[in-house]
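Residue numbers (full-length UniProt numbering): 1 to 195.
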């Protein structure tokens, strides 16, 4: 039998502070991450996503693959990130949720402009964009607003050791006086500021 505290997987960190380190992710860690994403992003079995990030990265594993499998929701796999292909899949498959980094969203905005797909309403099914792994600038938020006018944009901050999410911005960052915030701690996670 599998225990909640048993190791599910070891994922290596990015090595920001030195050599990459192996982070032990338990079954309970994965369940808590799935629960946080489901609650804070209002995801259900009716949602769909594109998996265009590597599953050896904690976000690809927990925030997309494990999450959408647990929901019984649709996942469209992409072998390598290809911005024009993602734009086409968003439109053709009525994708409702997209999770990526600022770099991914910059490339998607460029691809959409090149395809002349940047007029509002072109992606009516896309309900939520979750953006992590870097700062979501005001310029990129404005570009995303233009391309996806009816889509909530939710910044997320996380790290391998928290099984991806640590904070999730509540609701849509557009028009919020908290723009620039990383959001609120996920349930069960305590955050402290230290000097």
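We treat Cβ as the ideally placed atom computed from N, Cα and C, and that holds for glycine.
Item	Value
Cross-strand partners of residue 184 (DSSP beta bridge)	168
Runs of beta strand (DSSP E) lying entirely within the segment 64-113, each at least 3 residues, in chain order	74-77, 97-100
Outcome for residue 103 when other beta-carbon atoms lying within 10 angstroms are tallied against a minimum of 16	exposed
Residue 190 - containing alpha helix (DSSP H), residue span	Counting along the chain, residue 190 falls outside any alpha helix (DSSP H), and DSSP gives it neither H nor E.
Sub-7 angstroms separation of residue 25 and residue 95 beta-carbons	no
Sufficient close CB pairs (3 or more, under 8 angstroms) joining the segment 97-111 to the segment 124-138	yes
Cβ-based burial, residue 19 [other Cβ within 10 Å; buried from 16]	exposed
Residue 33 in three-state terms, based on DSSP	helix
CA-to-CA distance, residue 45 to residue 98, given in whole angstroms	15 angstroms
Minimum C-alpha distance to residue 71 - residue among 34, 169, 192	34
Sequence-distant residues of the same chain with beta carbon closer than 8 angstroms to residue 65, five excluded per side	51, 55, 75
Sequence-distant residues of the same chain with beta carbon closer than 7 angstroms to residue 189, five excluded per side	162, 166
Cutoff 8 angstroms; reference residue 28; Cβ partners in own chain excluding five residues on either side	4, 5
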